[in-house]
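The structure under discussion appears below in the form of structure tokens.
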Amino acid sequence: MNGPAAPAAPAAPLAAHALVVEDGIVAAIDPHAVATYSGPGFVWLHADGMGELNLADLPGYVPPMAAGALIAHETRPRCDEIDDAVLINLRGTAKETAHGSDGLVSIRVWVEERRVTSVSRYPLAALGKVEALMRAGKITDGGDFVALLAQAISKELDPQVSELGDSLDDCEGMLDGDIYALRRMIARIRSQAIVLRRFVAPDRDALSAMAQLEFEWIGKDDRLHLREAADRFARMAEELEAVRERAALLHEQLTDLRAEMIDQRSLAIAVTAFIFLPLTFVTGLLGMNVEGIPFAQEPWSFWGVVAFCVVIGTGVMGWFAWKQWLDD
0 MNGPAAPAAP AAPLAAHALV VEDGIVAAID PHAVATYSGP GFVWLHADGM
50 GELNLADLPG YVPPMAAGAL IAHETRPRCD EIDDAVLINL RGTAKETAHG
100 SDGLVSIRVW VEERRVTSVS RYPLAALGKV EALMRAGKIT DGGDFVALLA
150 QAISKELDPQ VSELGDSLDD CEGMLDGDIY ALRRMIARIR SQAIVLRRFV
200 APDRDALSAM AQLEFEWIGK DDRLHLREAA DRFARMAEEL EAVRERAALL
250 HEQLTDLRAE MIDQRSLAIA VTAFIFLPLT FVTGLLGMNV EGIPFAQEPW
300 SFWGVVAFCV VIGTGVMGWF AWKQWLDD
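0 is the number of the first residue of the sequence shown in numbering that gives the first Met the number 0; add one for each residue after it.
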């Protein structure tokens with residue numbers, strides 16, 4: 000490997016490793032030597048799983064503005080041109096999903112023609128494929144790296160988005176089952192779709208922005224790969240939007256089904272009450288204790304009570320009609 004030996008340097012980021020490609024040969028390089036490497040090859044320095052990281056841990060060639068973005072706790076996909084380099088953040092599938100996580104992790108990349116510096120707080124599933132492509136000689140500059148990284152991330156995420164659609168298809172076929180369990184399942188799918196779309200759409204925008212940058216080291220093939228990945232992200236964003244809308248419609252259907260079930264049960268109760276209400280009235284009327292009631296000994300007293308009940312019933316019916324409670 001060409002290039003002078005590395006001088007004393009600050010401690011490298013935790014879990015940092017570096018690869019260099021020279022004359023088609025890929026070899027590991029000391030992370031401390033990346034900053035001073037002057038050979039003709041391409042160098043990739045990556046750090047992940049570092050926990051807390053500060054500016055002093057990053058190589059000195061990274062500008063302060065980019066360094067702050069590389070170590071930020073909360074990031075969104077973005078693409079910014081800074082001098083003759085690019086700062087691009089992307090979100091992809093995590094290698095290992097942590098409990099309570101949305102399954103996506105951020106990778107922040109400082110891209111130069113002959114050097115790439117990437118940082119992720121948790122392992123990214125697509126990085127294994129990128130490293131394999133680099134070892135296979137497919138990556139020779141920064142444009143190749145970002146294009147193939149975008150391809151790998153989009154291909155890793157695509158099955159996850161398709162699985163949400165398939166799960167929703169299964170839910171549509173389970174409408175006759177347990178409504179309450181189905182509602183929880185649909186709510187989970189809709190929540191996942193919202194979270195994924197929150198980052199998939201910005202991924203698309205970041206890659207589209209990079210494909211338009213006028214750098215010589217972003218070749219024609221790189222731009223095609225970037226646009227292809229951006230199109231895949233756009234399709235995933237549309238599919239996630241469709242999943243969210245379908246989930247909302249299914250939730251409305253379940254709400255209607257639940258209301259229909261309640262109406263059916265209420266109707267059964269009302270019919271039962273309607274059957275027994277006249278019987279209750281008759282038994283109550285005939286079983287009255289009339290001792291002490293005025294005119295209890297008169298021959299017309301029974302019919303007087305009946306007339307009194309009719310007047311009360313008519314009054315209640317009239318009040319319902321006045322309140323328009325009897326309208327269809």
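Each residue gets a CB set at the ideal place from its N, CA and C atoms; glycine is no exception.
None of these values were measured; they are calculated from a predicted model.
query: Here's the rule I'm using: 16 or more other beta-carbon atoms within 10 Å means buried, otherwise exposed. How should Ala210 be labelled?; result: buried
query: Roughly how many angstroms separate the alpha carbons of Gly312 and Glu259, rounded to a whole number?; result: 31 angstroms
query: Note down, in chain order, each residue of its chain lying with its Cβ closer than 8 angstroms to the Cβ of Phe198, except the 5 sequence neighbours on either side.; result: Arg75, Pro76, Arg90 and Leu103
query: Could you say which of Ala186, Ser207 and Glu112 lies nearest to Gln150 if we only look at CA atoms?; result: Ser207
query: What would DSSP say about Ala212, mapped onto helix, strand or coil?; result: The sequence given here has Leu at residue 212, not Ala. Three-state DSSP puts Leu212 in coil, outside helix and strand.
query: Is the segment 121-133 close to the segment 233-243, with three or more CB pairs under 8 angstroms?; result: no
query: Identify, in the order they occur along the chain, each residue of the same chain with its Cβ nearer than 6 angstroms to the Cβ of Met64, setting aside the five sequence neighbours on each side.; result: none
query: Measure how close the beta-carbons of Val33 and Val20 come, nearest whole angstrom, since I'm counting them as under 8 angstroms.; result: The pair is not a contact, with the Cβ atoms about 13 angstroms apart (cut-off 8 angstroms).
query: What would DSSP say about Arg120, mapped onto helix, strand or coil?; result: coil
query: When DSSP labels each residue in this structure, what does Ser207 get in the three-state scheme?; result: helix
query: Do you know offhand how far Leu181's Cα is from Ala320's?; result: 41 angstroms
query: Report yes if the CB atom of Asp140 is closer than 8 angstroms to the CB atom of Arg113, and no otherwise.; result: yes
query: How would you label Asn288, buried or exposed, when you count the other beta carbons within 10 angstroms and need 16 or more for buried?; result: exposed
query: Let me know the secondary structure DSSP gives His16 once reduced to three states.; result: strand
query: Over the uninterrupted beta strand (DSSP E) stretch that includes Arg77, give me the two end residues.; result: Arg77 to Ile81
query: Keeping to the same chain, check which residues put their C-beta closer than 7 angstroms to that of Gly59; ignore five residues upstream and five downstream.; result: Ala34
query: If we count the other Cβ atoms within 10 Å of its Cβ and call it buried at 16 or more, is Gly283 buried or exposed?; result: exposed
query: Could you please give me the residues that DSSP links to His45 through a beta bridge?; result: His16 and Ser117
query: Tell me the DSSP secondary structure of Ala93 in three-state form.; result: strand
query: CA-CA distance, Ser119 and His31?; result: 18 angstroms
query: Taking the beta strand (DSSP E) that Trp109 belongs to, which residues open and close that run?; result: Leu103 to Val110
query: Alpha carbon to alpha carbon, what distance is there between Lys322 and Gln263?; result: 25 angstroms
query: In the DSSP assignment, the beta strand (DSSP E) including Ile70 goes from what residue to what residue?; result: Where Ile70 is concerned, there is no enclosing beta strand (DSSP E), given that its DSSP letter is neither H nor E.
query: Taking the beta strand (DSSP E) that Val310 falls in, what are its first and last residues?; result: Unbroken run through Val310 is the alpha helix (DSSP H), Ser300 to Trp321; no beta strand (DSSP E).
query: Do Leu163 and Val242 come within 8 angstroms of each other at the CB atom, strictly closer than that value?; result: yes
query: Starting from Val25, trace the beta strand (DSSP E) both ways and give me its first and last residue.; result: Ile24 to Ile28
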